[in-house]
Structures are given as C-alpha cells and as structure tokens.
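Numbering (UniProt numbering), first residue to last: 1 to 155.
1) Leaving out five residues on either side along the sequence, give the residues of the same chain with a beta carbon under 6 Å from the beta carbon of residue 72.
2) For residue 26, which residues from the same chain have a beta carbon less than 7 Å from its beta carbon, with the 5 sequence-adjacent residues on both sides left out?
3) So, helix, strand or coil for residue 11, using DSSP?
4) Consult DSSP for residue 111 and reduce its assignment to one of helix, strand or coil.
5) Is the region 94-105 close to the region 51-58, with three or more CB pairs under 8 Å?
6) Which term fits residue 5, buried or exposed, when burial requires 16 or more other beta carbons within 10 angstroms of its beta carbon?
7) In the DSSP assignment, what are the bridge partners of residue 94?
8) Identify the residues that DSSP records as bridge partners of residue 63: which are they?
9) Grab the span of the beta strand (DSSP E) containing residue 70 for me, first residue to last.
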C-alpha cells in the first residue's frame, strides 16, 4: 500500500481546533456581539456525558444552543463542558470534540459539518476520481469541489 496524506482527517482536526479556540475564547471573555452557536453532537458517543433523560429524549443526536444563558463553559484538550438550562433545570454536559457533527454561528453565516466518526476515523481511498477525471453530475446535486474553466463561457 502506498503512503498518502490523509487530508480528510487533517482537515477535521484543524476544524475541531478552530471550535476549541472559539469556545476557549468565549469561556474566557463571553460571547461577543450577536454571536451564538448551534452545536449538534452524537449523543451515543462513548465519552459524551449528559443526563439520562436527555439521552433518552435524544437517542441519536442533539443540538444545543450557546447564546443567552449558559454557565461553566470550559474548553479542554479532549472536549468541552457547559451547563445549559432545560426548562428551568440546569444540566451539565460534556461533549468530546470527536462527537461534534455540526458547529454553526448563524450571526455571521459560518458553519462546519463533520463526516460520521466511522468514516472520519478510517483512512480510505478517495471515492471520487480526481477533478480532471470527473464527469458533471447529471442530477445537478452538489458534489466535491472542482476546478471549472471559464473559457467556455466567454464570447
């Protein structure tokens, strides 16, 4: 097997590092301006720590909002913890970085989406050919990014 650079996992680590840095800054300085976060995570991840009633109510994934009321936000090496209010009932949560599926800050139209943990953790061969060999998608669905020459659109 030839050695290759695993860009997918490198990118995921970098994106999770960005989330870590943002949450560490918010923990230290509070939310600036109108920033707020929607964070969706895998409730079945083995290192997620949430109340049993929350995991029963959200057996696959859960989206939390960090905006108006949150407490005890801490960003650590392996994940973050925060206390959120669920119907006037404060609940502590611990979410590993690997459990995060999406991170969105709608105030600035910024978002990150992660592949499933199984796909991200396993190095795989590319599923699509390199851009030079790709054929246009006949269904009009969005696929991987590709380089497009503008010459054919010029008059």
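Note that CB positions come from ideal geometry on N, CA and C, so glycine has one too.
A quick look at the data gives this:
1) 83
2) 73
3) helix
4) strand
5) no
6) exposed
7) 49, 81
8) 40
9) 70-75
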